[in-house]
Amino acid sequence: MKFVQNKPFYVFCLVCIGLMTGCATEDIRQATMRRQAGTLFEHATVIDGSGANRQLQDVLIVDGVIAQIGDIAAIAGDRRIDAEGLILAPGFIDTHSHHDRGLTEQPHATAAVSQGVTTIIVGQDGTSVMIDELKKSLATVPVAVNVATYAGHGSIRTAVMGTDYKRTATPQEVAAMVALLEKEMASGALGLSTGLEYDPGIYCDTEEVIALAKTTANYGGRYISHIRSEDRAFAQAIEELLLIGRQAKIPVQISHIKLAITDLWGQADRILERLNAARKEGIDVTADIYPYTYWESTLTVLFPDRDFHDLDEAKYVLDKIAPADGLTLTSYQADPSLAGKTVAEIATERKIPEAETLLQLIHDAYKDRPADSDDMSSQESVMGVSMTEPDIATLITWEHTNICSDGGIEGHPRGYGAFPRAICKYVKEMAVVSLEEMIHKMTSLSAGHTGIKNRGMIKPGYASDLVLFDYDRIKDNASIEEHDALASGIVGVWVNGERVWEETGPTGAYPGVFIEKSSIMISAEPSTTRQ
Ligand SMILES: [Zn+2]
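Take the sequence shown: its position 349, counting from 1, is numbered 1560 in my numbering, and each next residue is one higher.
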């Protein structure tokens, strides 16, 4: 595992010096001929990630860096890639990924790279591994994909409060969380993530998050949140996020934005109006989104008051948020044979009403866990159909929305299909954005939304994370029935200049790096010591 460092760009510099000194074209030609050999993509249709129109060009990469773009003659030693008729784009940056789970067992990261993803951003929903541990793991087991992480509020909260987390934190506890967060930020976290719909985040007050967000802002970090409600209390949850952005003076990103309750359907425009107003006010609010009408989470998340005996609440959930015939268990440890079945099917088998079935499933999943257990891992996971295609299309078109998968190796098909699907559905089929705009939402916009530098564009000096695909053939094939079906049309994927994916499978190269955020403190608290 290498860590990110600046590499010399011999060829690029040589050409630049030539241009600056105003030397003749012949000298530049000779300088170019003296260039280092590298990987040369010939006659590619380049979509550079900026949103600009495609151009037919050659692209040369040397030493893991994009060295040259234009009309480039091959030299001896070049590895030539015939890109005729194919799109060459920056590798996709997945701003909300769970592909780190199981990555050491599957370092080829097929779920991610097979869809064109070259950087996964983990530590989401408030849950993260301590960065020193993550670095150690990546140094021990090199992987095919780049990894960056947020520091998870929930993980920090657990480290401080342990099993006694179902309450607001004391000022001393918040101070202890700040100290832990500072360590993570200094170690290279991109910022702070929260999962305010999950335990233990759901029990915190906004002040706690603001205190931590202020610390994050001091390090130039960002805030990303699985907000407190994606359904019943969505508007309040958005206001809480905006308040955090306003008070902590920090960029705020809404994780996997969605309108996941029938009452909100059709209101995407209104939501975007609110977000645009906040941006006018000076709050740097952005969002990411995955291209599916169904989510994956836990059954318990559907009950914000955590009252798993409330039959009326269960009826409300099935009526407004996720109908029983669209609520499919993806894992269920108490009885693994139930995986793949919907709550409606289980209700029919058990001959009891659907709402009762829902409560019974939650009860059985957690009945063996002692009340004082500090184990917050879920014993079940579920997919639920709660969103509509037109809402997703509207949210995707917002200029501040980038694409994410929220996926992993198991479960929801987004883990293998999100990026190709976004192209198929919203560019090819619905034509709500152009291919250039969509690529922008998968690359440089995503880099901007996470603070990652020198990636996400095809531009000299940028890291050569690249995806080569056939627009006519690109298609997601992953489904609920076959979640790990590989996408078609992804011809090749390069990470830091090394090819990690061929259409037939992984190459066995593990060039992924840990991407650190520079940990320079930008605005320390004013000193109280007398000079
Ligand atoms: Zn989430």
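Every residue gets a Cβ at the ideal spot worked out from N, C-alpha and C, and that includes glycine. On a predicted model such as this, the values are computed, not experimentally measured, just so you know.
9 Å or more divides the Cβ of I1280 from the Cβ of K1664. The alpha-carbon of W1705 is positioned some 38 Å away from that of V1389. Residue burial is scored here from C-beta neighbours: N1264 has fewer than 16 other C-beta atoms within 10 angstroms and is therefore classed as exposed. Within 10 angstroms of the beta-carbon of E1451 lie 16 or more other beta-carbons, which makes it buried. Counting other Cβ atoms within 10 Å of its Cβ, V1702 reaches 16 or more and is therefore classed as buried.
Three or more Cβ pairs closer than 8 Å define a contact, and the stretch 1274 to 1292 falls short of that threshold against the stretch 1622 to 1641. DSSP places N1357 inside the beta strand (DSSP E), whose first and last residues are 1357 to 1360. Taken from the Cβ of D1336, at least one heavy atom of ligand 1 lies inside 8 Å. Checking the 8 Å criterion, the Cβ of S1616 is out of range of every heavy atom belonging to ligand 1. At least 9 Å separates the beta-carbon of P1502 from that of V1596. Taking the Cα positions, A1545 is about 33 Å away from A1698.
Taking one beta carbon from each stretch, the stretch 1326 to 1342 and the stretch 1373 to 1385 have fewer than 3 pairs nearer than 8 Å; the two do not touch. Contact between A1359 and T1329 does not hold, since the beta-carbon distance rounds to 11 Å and is not under 8 Å.
Residues of the same chain with a CB within less than 7 Å of the CB of I1573, apart from the 5 flanking positions on each side, are L1510, T1511, F1519 in chain order. Contact holds between the stretch 1317 to 1325 and the stretch 1610 to 1623, because three or more Cβ pairs, one in each stretch, are under 8 Å apart.
Spanning the alpha carbons of L1267 and L1569 requires a straight line of approximately 55 Å.
Annotation: the continuous beta strand (DSSP E) that includes Y1505 extends over 1505 to 1508.
In its chain, beyond the 5 residues on either side, A1380, V1385 have a beta carbon closer than 6 Å to the beta carbon of E1419. Looking at the DSSP output, W1712 shares a beta bridge with V1704, P1717. Here A1255 is not near I1286, since their CB atoms are 9 Å or more apart. With a 10 Å radius around the Cβ and a threshold of 16 neighbouring Cβ atoms, I1563 comes out exposed. In this structure, the C-beta of G1365 stays at least 8 Å away from each heavy atom of ligand 1. Here H1520 carries a coil assignment [DSSP, helix/strand/coil]. By a beta-carbon distance limit of 8 Å, L1453 contacts I1494. Their separation comes to about 6 Å. Judged by DSSP in its simplified three-state form, R1561 adopts helix. Per DSSP, T1654 is not a residue of any alpha helix (DSSP H), being assigned neither H nor E. Leaving aside the five residues that flank S1308 on each side, the residues in its chain whose CB is nearer than 8 Å to its CB run, in chain order, A1323, V1328, I1331, I1332, V1333, Q1335, C1615, S1616, D1617, G1618, G1619. Here the stretch 1468 to 1477 lies against the stretch 1598 to 1608, with 3 or more beta-carbon pairs under 8 Å apart. A1488 carries a helical assignment under DSSP once its states are collapsed to helix, strand and coil. Counting only residues of its own chain and dropping the five nearest sequence neighbours on each side, R1368 has a CB closer than 6 Å to the CB of P1411. A residue is called buried once 16 or more other Cβ atoms fall within 10 Å of its Cβ, and E1565 is buried on that count.
G1275 sits buried, since 16 or more C-beta atoms from the chains shown fall within 10 Å of its C-beta. The three-state reading of DSSP puts T1405 in strand, counting E and B together. The nearest non-hydrogen atom of ligand 1 is less than 8 Å from the C-beta of G1406.
Cβ-Cβ separation between A1362 and A1400: approximately 4 Å, consistent with a contact (criterion under 8 Å).
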